[in-house]
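Since the structure comes first, as structure tokens, the remarks are kept for the end.
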Amino acid sequence: MDLHRWRVAFAIIWQRRGLPSRPLADRFRRVTTGVSPDTQATLLLTAPLTTTAKAPADALLKPAEFRKVQDRVANSGHALGDFLGKDASPLVDAYDDLVPASRLRDLLGRGFRLAQALDQWSARSIWVIGVTDKAYPSRLRTHFGNDAPPLLYGCGNPDLLEAGGLAVVGSRDCDEENLVWTTEVGRRAARSRCQIVSGGARGVDITAMAGALDAGGTACGVLADTLYRDVLDATYRDHLQSGTLVLISPNDPRQRFFASLRMQRNKYVYALSDTALVVATGMKQGGTWAGADEQLRRLRHVPVYVRVPPQPSPGLSALERLGARPWPEPATPLQFARLVRNTPPGGPAAEIPKIPETSTASDGAPVEAPATPPAAIQRSLFEL
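Residue numbers (my numbering): 3 to 386.
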């Protein structure tokens, strides 16, 4: 909990790497600058802080436990960042009835791991924001309240998290005809100045994003896992640099594949959009069906449309019976934008934020991972 101990620990890492010596606290400040105290505390309490394949498992707070801690903190006039102070022991003891104080101390004592993780994320321009940060997307707060993911890891232009747009989802193993149609939807979204929001998975997701990006539009990819790897993918690199793409994940950047996590992230894809379009799905099976079914039956955050394919689709027809609407194939960019933005005829069609100009750091050095990331993504970050 003592920040001085963290700085000392991080200086040891720096020296063991054989790198040029710096003042003791400089390196620690470099990777924590901009990461709010509340977000640092949230990372320590809930995040695995995975830095290697053999990272030890910690008794992290479960979502329900963290919510209880959050609620008491808010009602007591404190902030999560208060757990990081030198005199935090009495505060930790006061929460012993919710979470054993010894467990809290163990988690809050992982400053060494936090410094390592922030350093690794910073090298790949991965930033992290907490639910109390101003940069956290308001749509997630509005739709999920206390159940909003406490942390979002990301890379790219964070302004796009507030841009809304069209969520395009579908099966991973689609036929060529579906993929060609999806590409055209992405292109038309770009021409209509509507963003594509998707899950970044193989098949429909990545095809819709590519269609929009290649046509000069923007995209938001909500990943369930492997963000640490995907930010270096050649498919994404240029778009991340130019500020036309943001990739985010509610899970640790090194999180490996679990089907359940991909199911859970579906609701965030819908919540970050204005309207959703299901291109293809199996009948009552798979993540695409589960996400659309959850949206239509329970969450109802946005209107859901389904493609009207050349050949009948049992899965899409079943979603129509649950309340999904047939996609009307808007003929013009204005009609497309009004459909996506739910704007009545005669009203203005909302547009995405301006795409920022890119810049290059004067010294070519990687930029730290801030809690409120800059809109301009520095090109040098990907020259690894």
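Beta carbons: idealized from backbone N, C-alpha and C, even for Gly.
* To do: Grab me the residues of D365's own chain with a C-beta within less than 8 Å of its C-beta, minus the 5 sequence neighbours each way, in chain order.
  => Translated into positions along the sequence shown, residue 365 becomes position 363. Interpretation of D365 is limited by its pLDDT of 34, a score under 50 that renders its predicted location unreliable; the figure taken from the coordinates is listed afterwards. No residues qualify anywhere along the chain.
What is the rounded straight-line gap between the Cα of V71 and the Cα of L100? Start at 1 with the first residue of the sequence shown, and residue 71 comes out as number 69. Start at 1 with the first residue of the sequence shown, and residue 100 comes out as number 98. Rounded to the nearest angstrom, the two C-alpha atoms are 7 Å apart.
Quick one: measure Cβ to Cβ for A203 and A278, integer angstroms, because I've assumed they're closer than 8 Å.
-> Here residue 203 refers to the residue found at position 201 when the sequence shown is read from its first residue. Here residue 278 refers to the residue found at position 276 when the sequence shown is read from its first residue. Between A278 and A203 the Cβ distance is about 15 Å, and since that is not below 8 Å, they are no contact.
Quiz item: Got a sec? Which residues, its chain only, sit under 6 Å from V133 by beta carbon, not counting five neighbours each side?
Solution: For the purposes of this step, residue 133 is identified with residue 131 of the sequence shown, where counting begins at 1. Answer for V133: A150, P152, listed in chain order.
Check: Can you give the Cα-Cα distance for L46 and R112, rounded to whole angstroms?
Finding: Residue mapping note: residue 46 aligns to position 44 of the sequence shown, counting from 1. Residue mapping note: residue 112 aligns to position 110 of the sequence shown, counting from 1. Roughly 6 Å between the two C-alpha positions.
- DSSP state of R264 mapped onto helix, strand, coil: Position 262 of the sequence shown, counted from the first residue, corresponds to residue 264. DSSP places R264 in helix when its eight states are reduced to three.
**Asked** Is the Cβ-Cβ distance between G213 and G188 less than 9 Å?
**Response** Within the sequence shown, the letter at position 211 stands for residue 213. Within the sequence shown, the letter at position 186 stands for residue 188. Yes, the pair counts as a contact, with Cβ atoms nearer than the cut-off.
According to DSSP, is W291 part of a helix, a strand, or is it coil? Taking the sequence shown and counting its residues from 1, the one referred to as residue 291 is at position 289. W291: helix per DSSP, three-state reduction.
Quiz item: Across which residues does DSSP place T1 in a beta bridge pair?
Solution: Nothing about residue 1 can be reported from this structure: the residues present for the chain run from 3 to 386 only.
I believe L263 touches A226 by the beta-carbon criterion, under 8 Å. Please report the beta-carbon distance rounded to the nearest angstrom. For this step, residue 263 is matched to residue 261 along the sequence shown. For this step, residue 226 is matched to residue 224 along the sequence shown. Right, their Cβ atoms sit about 4 Å apart.
Taking 9 Å as the cut-off, decide whether the C-beta atoms of A261 and V280 are in contact.
Taking the first residue of the sequence shown as position 1, residue 261 is located at position 259. Taking the first residue of the sequence shown as position 1, residue 280 is located at position 278. Not a contact, by the Cβ cut-off of 9 Å.
- Item | Same chain, Cβ closer than 7 Å to N253, five either side skipped, listed in chain order | Your numbering for residue 253 matches position 251 in the sequence shown. So the list reads A226, D227, L263, once near-sequence residues are dropped.
Worksheet item: Does the Cβ of M285 have 16 or more other Cβ atoms within 10 Å, making it buried, or fewer, making it exposed?
Response: By one-based count along the sequence shown, residue 285 stands at place 283. Exposed is the call here.
CB of F52 within 9 Å of CB of R239, strictly = As a position in the sequence shown, residue 52 is number 50, starting the count at 1. As a position in the sequence shown, residue 239 is number 237, starting the count at 1. It should be pointed out that residue 52 corresponds to Thr in this sequence rather than to Phe. Their beta carbons are not under 9 Å apart, which means T52 does not touch R239 by this criterion.
Using a 10 Å radius around the Cβ and a threshold of 16 neighbouring Cβ atoms, would you call N148 buried or exposed?
Taking the sequence shown and counting its residues from 1, the one referred to as residue 148 is at position 146. Per the 10 Å Cβ criterion, exposed.
Other residues of its chain near T209: CB distance less than 6 Å, five sequence neighbours each side excluded:
Taking the sequence shown and counting its residues from 1, the one referred to as residue 209 is at position 207. Excluding residues within five positions, the ones whose Cβ falls inside 6 Å are L181, T184, T185.
Going by beta carbon distance, what residues of the same chain come within less than 6 Å of V171, once the five residues before and after it are set aside? Locating residue 171 in the sequence shown gives position 169, counting from the first residue. Excluding positions up to five away in sequence, the list reads V280, T290.
To the nearest angstrom, how far is it from the Cα of R195 to the Cα of T246? Here residue 195 refers to the residue found at position 193 of the sequence shown. Here residue 246 refers to the residue found at position 244 of the sequence shown. If I take the Cα positions, the gap works out to 12 Å.
### Message
Restricting to Cα atoms, I'd like to know which of L341, P92, A282 is closest to S319.
### Response
As a first step, residue 319 must be located in the sequence shown, where it is residue number 317. Among L341, P92, A282, the Cα nearest to that of S319 is on A282.
Judging by CA-CA distance, which residue of L324, V233, W123, W129 is the nearest neighbour of E296? Residue 296 sits at position 294 when you count from the first residue of the sequence shown. For the residues L324, V233, W123, W129, the minimum Cα distance to E296 belongs to L324.
Straight-line CA distance for Q197 to F68? Start at 1 with the first residue of the sequence shown, and residue 197 comes out as number 195. Start at 1 with the first residue of the sequence shown, and residue 68 comes out as number 66. Rounded to whole angstroms, Q197 to F68 spans 33 Å at the Cα level.
- Identify the continuous alpha helix (DSSP H) that holds A101 and give its terminal residues. The residue you call residue 101 lines up with position 99 of the sequence shown. Inspection of the sequence shows that residue 101 is occupied by Val rather than by Ala. V101: not part of any alpha helix (DSSP H); DSSP gives it neither H nor E.
> Start and end of the beta strand (DSSP E) containing V130?
Replying inline: As a working mapping, residue 130 is identified with position 128 in the sequence shown. Unbroken beta strand (DSSP E) run through V130: 129-132.
Notebook entry, point to check: According to the Cβ coordinates, are Y155 and S251 closer than 9 Å?
Noted result: Numbered from its first residue, the sequence shown carries residue 155 at position 153. Numbered from its first residue, the sequence shown carries residue 251 at position 249. In this structure, S251 lies closer than 9 Å to Y155 by Cβ.
Nearest candidate by alpha-carbon position, reference W129, set M265, G79, T334, G36: As a working mapping, residue 129 is identified with position 127 in the sequence shown. Closest by alpha carbon: G36.
Open item on the list: Rounded to the nearest angstrom, what separates G201 and P92 at their Cα positions?
Closed with: On the sequence shown, position 199 is the one that residue 201 refers to. On the sequence shown, position 90 is the one that residue 92 refers to. Roughly 43 Å between the two C-alpha positions.
**Prompt:** Which stretch, first to last residue, makes up the alpha helix (DSSP H) that contains V224?
**Reply:** Locating residue 224 in the sequence shown gives position 222, counting from the first residue. If you look at V224, you'll find it isn't in any alpha helix (DSSP H); it sits in the beta strand (DSSP E) that goes 221-224.
Query raised in the report: Span of the beta strand (DSSP E) holding G158?
Result: One-based indexing of the sequence shown puts residue 158 at position 156. First-last of the beta strand (DSSP E) with G158: 153-158.
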